[in-house]
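Number of protein chains: 2
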Amino acid sequence: MIDKFLHQLRITEPELQEEIRKNATITEHDRGEFIIKNNNYIKVLKIVLEGKVRVYQESDEREILIYYLNTMETCTLSLSACFEDCKSTVNAIVEEKCILLNIPVRFVHDWNFKYKSWNIFTINTFRESYHHLIHEYSNLAFQPLKDRLFDYLVSKAEQDIVYKSHQELAKELGTTREVISRLLKKLEANKQLRLGQKEIQLLK
Amino acid sequence: MIDKFLHQLRITEPELQEEIRKNATITEHDRGEFIIKNNNYIKVLKIVLEGKVRVYQESDEREILIYYLNTMETCTLSLSACFEDCKSTVNAIVEEKCILLNIPVRFVHDWNFKYKSWNIFTINTFRESYHHLIHEYSNLAFQPLKDRLFDYLVSKAEQDIVYKSHQELAKELGTTREVISRLLKKLEANKQLRLGQKEIQLLK
DNA sequence: ACCCTCTTGTGCCAAAAGTCACAGGTTTTA
DNA sequence: TAAAACCTGTGACTTTTGGCACAAGAGGGT
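In order, the protein sequence lines correspond to chains R and X.
Those letters in the first sequence? Residues 5 to 208, by our numbering.
Those letters in the second sequence? Residues 5 to 208, by our numbering.
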């Protein structure tokens with residue numbers, strides 16, 4: 005399991021491989037479990053070896069998706085916290101049963117200047133996250149919700165089907181269930197999709 | 005001028021100082037000049053030694069502020085581009101006459117693993133920008149425009165006064181001039197500020 | 001079969017934000 | 001100093017989004 009991770013991230017230095025094996029732990033988590041909670045200190049960097057984690061911000065009853073962590077991805081905010089002790093400003097919850105690699109923060113920090121491949125990993129994580137977030141940011145600023153919803157469905161579809169409830173979509177897009185229901189109805193009337201129970205089929 | 009920069013960023017390695025002096029150029033730019041244009045390739049990392057630069061995204065007639073670059077700050081997106089050749093997705097325009105330090109991208113990339121202080125500079129730039137952007141993102145998602153406007157004024161005030169037109173505020177907050185005018189009127193009626201010509205005085 | 005929870009649909013109304021149109025200031029500049 | 005360009009205010013209207021209430025359907029478990 006770790007080998008696959010080392011390979012995918014192109015971590016080739018034997019010393020670094022050894023350090024990771026020695027200092028990292030592997031844990032399993034079921035759907036619904038919190039990996040990171042808002043306002044808690046971050047002690048370990050978590051890398052998703054398998055499964056899916058949803059990272060979001062909340063405010064009162066609303067939520068908004070920051071990003072999903074898929075296989076071989078790490079939480080950029082945790083990574084950031086490795087460079088300066090700080091509290092989390094987000095929540096992370098397991099969406100699909102997952103296996104995590106946990107690396108205590110002090111190593112993450114040291115390795116950055118010690119191992120070239122770790123340095124690249126760090127920089128790339130920041131870069132990709134930053135670009136992704138800017139993109140989401142301007143979508144949020146410029147696009148009407150209807151478009152954001154449709155784009156989101158397209159991006160999340162597997163074989164043109166999205167298996168999510170309206171409530172889940174609402175939370176990911178930072179709005180309420182009724183609004184999503186109505187917009188979906190409009191999209192259906194527009195023949196852009198077909199609605200089922202917890203199942204949205206994209207057309208064409 | 006460069007010395008001040010080296011000192012502020014705690015760049016202590018003599019070799020790196022030497023490299024910067026040798027390879028970087030200094031340029032001056034007047035208000036209104038474009039530093040970076042959307043869709044252009046990024047060839048040099050620009051660091052603001054003096055002055056102020058506004059970095060924003062645009063869509064049709066609308067704009068939205070990504071961040072301001074103040075003294076001794078660099079454009080995170082340019083920094084990112086140093087690690088992979090790519091086009092800019094933003095515009096950067098000079099707001100206050102400024103002096104820039106220009107470093108060709110290939111150096112920026114190499115120095116990251118070669119000089120510890122440069123590595124720290126890079127990581128810190130990414131970290132701070134990322135946190136800032138997440139903060140803006142959830143404001144955009146959760147806060148009504150009226151609150152965003154007021155918070156923005158507070159953050160931009162010098163001695164409780166903001167010297168900006170409604171049009172400028174609209175562009176920075178991603179909305180239209182009329183909306184800003186009306187919200188400002190409400191805030192004035194609410195005794196939170198007093199309106200003048202291109203001048204908004206915050207009260208209390 | 002029955003209960004409970006989750007899911008979806010929708011009517012009605014309110015608030016927030018955007019658009020269009022126009023009028024009268026102020027500042028810049030030629 | 002007169003024209004042009006920018007700045008502010010505002011009425012009237014539309015669209016978008018949100019909040020509340022209620023009803024009906026689906027699905028799971030005991």
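Glycine included, every Cβ here is placed at the ideal spot set by N, Cα and C.
Quick caveat: nothing in here was measured; it's all calculated off a predicted structure.
| task | Would you tell me roughly how many angstroms separate the C-alpha atoms of residue 205(X) and residue 166(X), rounded to the nearest one? | result | Position 201 of the second sequence, counting from 1, holds the residue named residue 205(X). Position 162 of the second sequence, counting from 1, holds the residue named residue 166(X). Taking the CA atoms as reference points, residue 205(X) sits about 7 Å from residue 166(X).
| query | So what does DSSP say about residue 80(X), is it helix, strand or coil? | reply | What you label residue 80(X) is simply residue 76 of the second sequence in a count that begins at 1. Look at residue 80(X) here: in three-state DSSP terms it is helix.
| Start and end of the alpha helix (DSSP H) containing residue 35(X)? | What you label residue 35(X) is simply residue 31 of the second sequence in a count that begins at 1. First-last for residue 35(X): undefined, no H or E at that position.
| field | contact_flag[the segment 36-51 of chain R, the segment 80-98 of chain R] where n(CB pairs < 8 Å) is 3 or more | value | Verdict: yes, contact present.
| said: Within 8 Å of any Cβ in chain X, is that where the Cβ of residue 131(R) sits? | reply: Counting from 1 along the first sequence, the entry for residue 131(R) is found at position 127. Interface residue, yes.
| request: Under 8 Å between beta-carbons, which chain R residues line up against residue 140(X)? List them in chain order, please. | output: On the second sequence, residue 140(X) is found 136 positions in, with the first residue counted as 1. Those are 141, listed as they occur along chain R.
| query | Name the chain R residues whose beta carbon is nearer than 9 Å to that of residue 63(X)? | reply | In the second sequence, residue 63(X) corresponds to position 59, counting from 1. Chain R residues near residue 63(X): 142, 145, 146 and 147.
| request: For residue 30(R), collect the residues of the same chain with a Cβ closer than 8 Å to its Cβ; drop the 5 residues on either side in sequence, then sort them by chain order. | output: On the first sequence, residue 30(R) is found 26 positions in, with the first residue counted as 1. Once the five neighbours on either side are set aside, the close Cβ partners of residue 30(R) are 5, 6, 53, 103, 104, 105 and 106.
| task | Can you give me, in chain order, the residues of the segment 79-92 of chain X that have a beta carbon less than 8 Å from any beta carbon in chain R? | result | Within the segment 79-92 of chain X, contact with chain R at the beta-carbon level (separation under 8 Å) is assigned to 80, 81, 84, 87 and 88.
| task | Quickly, what does DSSP pair residue 220(X) with across the bridge? List them, please. | result | Since the displayed chain X opens at 5 and closes at 208, residue 220(X) lies outside it and no answer follows.
| query | Quick check: the segment 106-122 of chain X against the segment 14-31 of chain X, are there 3 or more CB pairs under 8 Å? | reply | Touching, yes.
| request: Anything in the segment 106-125 of chain R with a Cβ closer than 8 Å to a Cβ of chain X? List those residues in chain order, please. | output: Against chain X - using a Cβ distance shorter than 8 Å - the residues of the segment 106-125 of chain R are 116, 117, 120 and 123.
| query | When the distance is taken between beta carbons, is residue 131(R) closer than 8 Å to residue 87(X)? | reply | In the second sequence, residue 87(X) corresponds to position 83, counting from 1. In the first sequence, residue 131(R) corresponds to position 127, counting from 1. Yes.
| query | From the DSSP output, which residues share a beta bridge with residue 200(R)? | reply | The count along the first sequence starts at 1 and reaches residue 200(R) at position 196. Beta-bridge pairing links residue 200(R) to 203(R).
| message | Quick check on the DSSP output: what are the complete alpha helix (DSSP H) runs of length 4 or more inside the segment 128-161 of chain R, in order along the chain? | response | Restricting attention to alpha helix (DSSP H) runs no shorter than 4 residues, the segment 128-161 of chain R encloses them at 149-160, ordered along the chain.
| task | Please look up how many angstroms separate the CB atoms of residue 43(R) and residue 8(R), rounded, as I've assumed it's under 8 Å. | result | Numbered from 1 along the first sequence, position 39 holds the residue referred to as residue 43(R). Numbered from 1 along the first sequence, position 4 holds the residue referred to as residue 8(R). In fact, because the Cβ distance is near 33 Å, the residues do not count as touching under 8 Å.
| field | Rounded straight-line distance, which links the Cα of residue 201(X) to that of residue 159(R) | value | What you label residue 159(R) is simply residue 155 of the first sequence in a count that begins at 1. What you label residue 201(X) is simply residue 197 of the second sequence in a count that begins at 1. For residue 159(R) and residue 201(X), the distance between alpha carbons rounds to 46 Å.
| message | Going by DSSP, what residue range makes up the alpha helix (DSSP H) through residue 110(X)? | response | On the second sequence, position 106 is the one that residue 110(X) refers to. Element bounds for residue 110(X): 109-118.
| Between the segment 125-140 of chain R and the segment 69-88 of chain R, do at least 3 Cβ pairs fall closer than 8 Å? | Counting Cβ pairs under 8 Å, three or more are found: they touch.
| message | Can you confirm whether residue 184(R), when its beta carbon is compared against all beta carbons of chain X, has any partner nearer than 8 Å? | response | Numbered from its first residue, the first sequence carries residue 184(R) at position 180. So no, residue 184(R) is outside the interface.
| Apart from the five residues on each side of it in sequence, which residues of its chain come closer than 7 Å, Cβ to Cβ, to residue 60(X)? | Along the second sequence, read from residue 1 onward, the residue named residue 60(X) stands at position 56. Within the same chain, and ignoring the five residues on either side of residue 60(X) in sequence, the residues whose Cβ sits closer than 7 Å to its Cβ are 67, 68, 69, 70, 94 and 95.
| task | Determine the direct distance from the alpha carbon of residue 142(X) to that of residue 153(X), and round the result to whole angstroms. | result | Locating residue 153(X) in the second sequence gives position 149, where the first residue counts as 1. Locating residue 142(X) in the second sequence gives position 138, where the first residue counts as 1. When rounded, the distance between both Cα atoms is 14 Å.
| query | Can a CB atom of chain R be found closer than 8 Å to the CB of residue 135(X)? | reply | To locate residue 135(X), count along the second sequence from 1; it is residue 131. Chain R places a beta carbon closer than 8 Å to that of residue 135(X), counting this residue as a contact.
| query | Considering only residues of the same chain and omitting the five flanking positions on each side of residue 33(R), which have a CB-CB separation below 6 Å? | reply | Locating residue 33(R) in the first sequence gives position 29, counting from the first residue. 98 and 102.
| Quick one: which chain X residues come within Cβ less than 7 Å of residue 55(R)? | In the first sequence, the residue the question calls residue 55(R) occupies position 51. Contact note: residue 55(R) does not reach chain X at a C-beta cutoff of 7 Å; the least C-beta distance is about 23 Å.
| Within 8 Å (strictly less), CB to CB, does residue 127(X) reach chain R? | Counted from its first residue, the second sequence places residue 127(X) at position 123. Chain R contact via Cβ: present.
| request: Look at the alpha carbon of residue 112(R) and the alpha carbon of residue 11(R), and state the distance between them as a whole number of angstroms. | output: Numbered from its first residue, the first sequence carries residue 112(R) at position 108. Numbered from its first residue, the first sequence carries residue 11(R) at position 7. Their backbone Cα atoms lie some 18 Å apart in a straight line.
| message | Below 8 Å on the Cβ atoms is my contact criterion, and I expect residue 84(X) with residue 134(R) to pass it. Report the Cβ-Cβ distance as a whole number of Å. | response | On the second sequence, position 80 is the one that residue 84(X) refers to. On the first sequence, position 130 is the one that residue 134(R) refers to. Their Cβ separation, rounded to whole angstroms, is 6 Å, which keeps residue 84(X) and residue 134(R) in contact under 8 Å.
| With a CB to CB cut of under 6 Å and the five nearest residues on each side skipped, what residues in its chain are close to residue 123(R)? | Counting from one through the first sequence, the residue named residue 123(R) turns up at place 119. Only 116 meet the Cβ criterion.
| When the cut-off is 8 Å and only beta carbons count, does residue 200(R) lie next to chain X? | To locate residue 200(R), count along the first sequence from 1; it is residue 196. Under the Cβ distance rule, residue 200(R) does not count among the residues neighbouring chain X, no pair being separated by less than 8 Å.
| query | How close, in whole Å, do the beta carbons of residue 184(R) and residue 173(R) come, if the pair is a contact with beta carbons under 8 Å? | reply | Residue mapping note: residue 184(R) aligns to position 180 of the first sequence, counting from 1. Residue mapping note: residue 173(R) aligns to position 169 of the first sequence, counting from 1. At roughly 5 Å, the Cβ-Cβ gap stays under 8 Å, so residue 184(R) and residue 173(R) are in contact.
| query | If you run the structure through DSSP and keep just helix, strand and coil, what is residue 12(X)? | reply | For this step, residue 12(X) is matched to residue 8 along the second sequence. Note: residue 12(X) maps to helix in three-state DSSP.
| Leaving out five residues before and five after residue 179(R) in sequence, what residues of the same chain have Cβ atoms less than 8 Å from its Cβ? | Your numbering for residue 179(R) matches position 175 in the first sequence. Apart from sequence neighbours up to five positions away, the residues of its chain that approach residue 179(R) with a beta-carbon distance below 8 Å are 66 and 149, ordered along the chain.
| If you draw a straight line from the C-alpha of residue 89(R) to the C-alpha of residue 187(X), how long is it? | Counting from one through the first sequence, the residue named residue 89(R) turns up at place 85. Counting from one through the second sequence, the residue named residue 187(X) turns up at place 183. Rounded to whole angstroms, residue 89(R) to residue 187(X) spans 39 Å at the Cα level.
| task | Compare the Cα-Cα distances from residue 145(X) to each of 74(R), 175(R), 114(R) and 192(R) and report the closest residue. | result | Locating residue 145(X) in the second sequence gives position 141, where the first residue counts as 1. Nearest of 74(R), 175(R), 114(R) and 192(R) to residue 145(X), Cα basis: 175(R).
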